[in-house]
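Peer 1:
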Amino acid sequence: MAVKYGKFEMPETIKVEESTQSDTYSRFIVEPFERGFGHTIGNALRRVMLTSLEAPAIVSVHIEGVPHEYMAVEGVVEDMTHIILNIKGSLLRYVPKDAEKASRLTRTVTKDVEITQEQINENGGEYKVTLGDLMGASDLDVVNPKHHLFTISQPFIRRVTFKVGFGRGYVTFDRHQVEPVVDEIVIDSAFSPVSLVNYYVENTRVGQDTDFDKLILEITTDGRISPQEALTYASQIGIQHLSVFDQLKTHSISFDQGEVESNKDRDEIMGKLALKINEIELSVRSTNCLQGADIDTIGELVIMPESDMLRFRNFGKKSLTEIKQKLEEMGLSLGMDLSKYGITRDNIKTMIDNYLEEKMEAQS
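The opening position of the sequence shown corresponds to residue -5 in this note's numbering, with each subsequent residue numbered one higher.
1) Compute the distance between the beta-carbons of GLU25 and PHE2, then report whether it is under 8 Å.
2) In this structure, what does DSSP give as the bridge partners for PRO50?
3) Would DSSP call TYR227 helix, strand or coil?
4) What does the alpha-carbon distance come out to for the pair GLY329 and VAL296?
5) So within the region 72 to 111, which uninterrupted alpha helix (DSSP H) runs reach at least 4 residues, ignoring any that extend past its ends?
6) Compute the beta-carbon to beta-carbon distance between ILE289 and ILE271, rounded to the nearest angstrom, for a pair I have assumed lies under 8 Å.
7) Helix or strand or just coil, what does DSSP make of GLU253?
8) Taking the beta strand (DSSP E) that PHE31 belongs to, which residues open and close that run?
9) Of all Cβ atoms in chain C, is any one closer than 8 Å to the Cβ of CYS283?
10) Quick check on ARG199: does DSSP put it in helix, strand or coil?
11) Can at least three beta-carbon pairs, one atom from the region 171 to 188 and one from the region 40 to 60, be found at a separation below 8 Å?
12) Please return the same chain residues whose Cβ sits closer than 8 Å to the Cβ of MET74, not counting the five positions on each side in sequence.
13) What are the start and end residues of the beta strand (DSSP E) that includes THR281?
14) Between the Cα of ALA268 and the Cα atoms of GLY0, PRO174, LEU350, which residue gives the shortest distance?
15) With 16 as the cutoff for other CB atoms within 10 Å, does GLY130 come out buried or exposed?
16) Assuming THR14 and GLY217 make a contact with CB atoms under 8 Å, what is their CB distance in whole Å?
17) Which stretch, first to last residue, makes up the beta strand (DSSP E) that contains ILE8?
18) Can you give me the start and stop residues for the beta strand (DSSP E) that LYS(-2) sits inside?
19) Skipping 5 residues on each side, what residues in its chain have a beta carbon closer than 6 Å to that of SER229?
20) Expressed to the nearest angstrom, what Euclidean distance is found between the alpha-carbon atoms of GLU322 and GLY163?
21) With burial defined as no fewer than 16 other Cβ atoms inside 10 Å of the residue's Cβ, what is the status of TYR(-1): buried or exposed?
22) Leaving aside the five residues before and after MET303 along the sequence, list all residues of the same chain whose C-beta is less than 8 Å from its C-beta, in chain order.
23) Going by CA-CA distance only, name the one from ARG98, ILE233, TYR335 that's closest to VAL158.
24) Do ASP261 and GLY336 count as a contact pair if the criterion is CB distance below 8 Å?
25) So, do the region 188 to 195 and the region 105 to 124 have three or more beta carbon pairs nearer to each other than 8 Å?
26) What residues match up with SER20 in a beta bridge as DSSP calls it?
27) Would the region 131 to 150 count as touching the region 28 to 39 if we require 3 or more Cβ pairs under 8 Å?
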């Protein structure tokens, strides 16, 4: 049995501000929500993005001939403690080429580092080893390949091995489920790929009401996932956690759509019809022709057949094409049938005047 509920305003699309968008930052605008739902949804998504998203990170390192982290390495400027701090800044991305082969298993990446005196001399006496130098042969993408790991000052031949795992949040070395080999150094790992999430809730209009919620999300990542991926992963995690409560369902809910939707459609179309001709970007010639024909609003324009337009003085096909293109951008056209809204060619001016009066009364 279904229980009838009133209509909930729900957003249908998500707007992304392209002017500020980058690989690591995006601003999303979602509207309209019922009052209060902006904070409910925004805070839930923010918490999930900051705590529950996964990305790969290095969990251990083994440099041949280095038994522990509290020692210097022959031929290397930095000591092991400094090198480990640099390794923690490594950013790796995992996007499986085949979804069926996607895996969270720990990966081992091994690289034989061989630096000659000639290479050192060519680089001013010091050769800087970067993350890209050591992570080339793996199924992991390196987000910051130029990230500096250590500096070699004399000929160097050693094998370097990393283990890369998957997890959430910040995990200390003692919590990693790694079976260490001899001389392997297990390190703390920062798995969370989301650096910062801000959300804001502003008022937005639906019809005559201005107290609905507009949700604005600002998402910054470190590059291991994109802001769009962060948002969609968080929403899927939230939906999965809420699905368990469906077991308690005794009645389904249906939502009232009819009258509210009709009022919304009418208000939306009337808002367009009430626009003045000089409020849209038409050429001076087209604007003057319409005003000369005593057409002041978009409503008076769209209700007129195309054939009648060409009868106006000084009105040619070029002006007609321009007007048709502009109306198409607004979701309108010439010769529209507006009878379902009670609008005819005879009463269009009166209907627009009444709409504007109602709008002013609602705002006062």
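Ideal placement from N, C-alpha and C gives every residue a C-beta, glycine not left out. Here the structure is a predicted model, which is why all the values come from computation and not from measurement.
Peer 2: In terms of the structure at hand:
1) By 1-based counting over the sequence shown, the position of residue 25 is 31. By 1-based counting over the sequence shown, the position of residue 2 is 8. In this structure, PHE2 does not lie closer than 8 Å to GLU25 by Cβ.
2) Indexing the sequence shown from 1 puts residue 50 at position 56. Residue pairing from DSSP places PRO50 in a beta bridge opposite PHE160.
3) Within the sequence shown, numbered from 1, the residue matching residue 227 stands at position 233. Correct three-state label for TYR227: helix.
4) Within the sequence shown, numbered from 1, the residue matching residue 329 stands at position 335. Within the sequence shown, numbered from 1, the residue matching residue 296 stands at position 302. Counting only the Cα atoms, VAL296 lies some 6 Å from GLY329.
5) As far as the region 72 to 111 is concerned, its whole alpha helix (DSSP H) runs of at least 4 residues are 74 to 81.
6) As a working note, residue 289 is residue 295 in the sequence shown. As a working note, residue 271 is residue 277 in the sequence shown. Contact holds; Cβ gap of about 6 Å.
7) Within the sequence shown, the letter at position 259 stands for residue 253. Its pLDDT being 48, under 50, GLU253 is placed unreliably in this model, and the coordinates cannot settle the point.
8) Working through the sequence shown from its first residue, we reach residue 31 at position 37. For PHE31, no beta strand (DSSP E) encloses it; the enclosing alpha helix (DSSP H) starts and ends at 31 to 45.
9) In summary, chain C is missing from the structure at hand, where a single protein chain is found.
10) As a working note, residue 199 is residue 205 in the sequence shown. In this structure, ARG199 counts as strand in the three-state DSSP scheme.
11) These segments touch.
12) Walking along the sequence shown from the start, residue 74 turns up at place 80. Correct list, in chain order: ILE57, VAL60, HIS62, GLU63, TYR64, MET65, ALA66, VAL67, ILE179.
13) Here residue 281 refers to the residue found at position 287 when the sequence shown is read from its first residue. Where THR281 is concerned, there is no enclosing beta strand (DSSP E), although the alpha helix (DSSP H) it sits in stretches over 278 to 286.
14) Residue 268 sits at position 274 when you count from the first residue of the sequence shown. Ranking the options by Cα distance to ALA268, first place goes to LEU350.
15) Residue 130 sits at position 136 when you count from the first residue of the sequence shown. Counting Cβ neighbours within 10 Å, GLY130 comes out exposed, since fewer than 16 surround it.
16) Taking the sequence shown and counting its residues from 1, one reaches residue 14 at position 20. Taking the sequence shown and counting its residues from 1, one reaches residue 217 at position 223. Not a contact, Cβ separation roughly 17 Å.
17) Counting from 1 along the sequence shown, the entry for residue 8 is found at position 14. For ILE8, the uninterrupted beta strand (DSSP E) segment begins and ends at 8 to 10.
18) Residue numbering aside, residue -2 sits at position 4 when the sequence shown is read from its first letter. Its beta strand (DSSP E) spans residues -4 to -1.
19) Taking the sequence shown and counting its residues from 1, one reaches residue 229 at position 235. No residues qualify anywhere along the chain.
20) Translated into the one-based positions of the sequence shown, residue 322 becomes position 328. Translated into the one-based positions of the sequence shown, residue 163 becomes position 169. Roughly 49 Å separates the two Cα atoms.
21) As a first step, residue -1 is located in the sequence shown; it is residue number 5 there, counting from the start. Under this definition TYR(-1) is an exposed residue.
22) Stepping through the sequence shown from its first residue, residue 303 is reached at position 309. In the same chain as MET303, and ignoring 5 residues on each side of it, the C-beta atoms closer than 8 Å to its own belong to PHE309, LEU314, ILE317, LEU328, in chain order.
23) In the sequence shown, the residue the question calls residue 158 occupies position 164. For the set ARG98, ILE233, TYR335, the Cα lying nearest the Cα of VAL158 is the one of ARG98.
24) Within the sequence shown, the letter at position 342 stands for residue 336. Within the sequence shown, the letter at position 267 stands for residue 261. No.
25) The region 188 to 195 is not in contact with the region 105 to 124.
26) The residue labelled residue 20 in the question sits at position 26 within the sequence shown. Partner(s): ILE213.
27) With a cut-off of 8 Å, the region 28 to 39 and the region 131 to 150 do not count as touching, because too few Cβ pairs lie within range.
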